[in-house]
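Residue numbers for the sequence shown follow this note's numbering, so the first one is 162 and each next one is one higher.
For reference, the structure is listed below as structure tokens.
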Amino acid sequence: MANGLDDVVAAETVLSDVDGLGGRLTIRGHSLPELAGRWNYAQVVRLLLDGFFNDLPDDAQLTRALG
């Protein structure tokens, strides 16, 4: 019997990739430190929602809507 959760898929997503051994989280091709350091909140929200909705507002509209 195998120990641990090696090779166990808990969920599949198009949004992110987790490299637990390497300590890396990639979201839509961007590293978490890159997003946290260079992107504003509205840009990250848009990145996460892109592809799920056909009528996403642009970054300026989204910033105004989020307050």
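Even glycine gets a Cβ: it sits at the ideal position worked out from N, Cα and C.
Proximal residues to residue i (C-beta, below 7 angstroms), its chain only, five neighbours per side dropped
i, result
"ASP220", "ALA203, GLN204 and ARG207"
"ASP178", "THR187"
Beta-ladder partner(s) of residue i, from DSSP
i, result
"ASP211", "PHE214"
"VAL179", "LEU186"
Beta carbon of residue i nearer than 7 angstroms to that of residue j
i, j, result
"LEU182", "LEU193", "no"
"LEU210", "LEU217", "yes"
N- and C-terminal bounds of the alpha helix (DSSP H) containing residue i
i, result
"GLY198", "193–199"
"LEU166", "Note, LEU166: premise wrong, no alpha helix (DSSP H); not H, not E."
Neighbourhood of residue i by C-beta, 8 angstroms cutoff - its chain only, sequence neighbours within 5 removed
i, result
"PHE214", "none"
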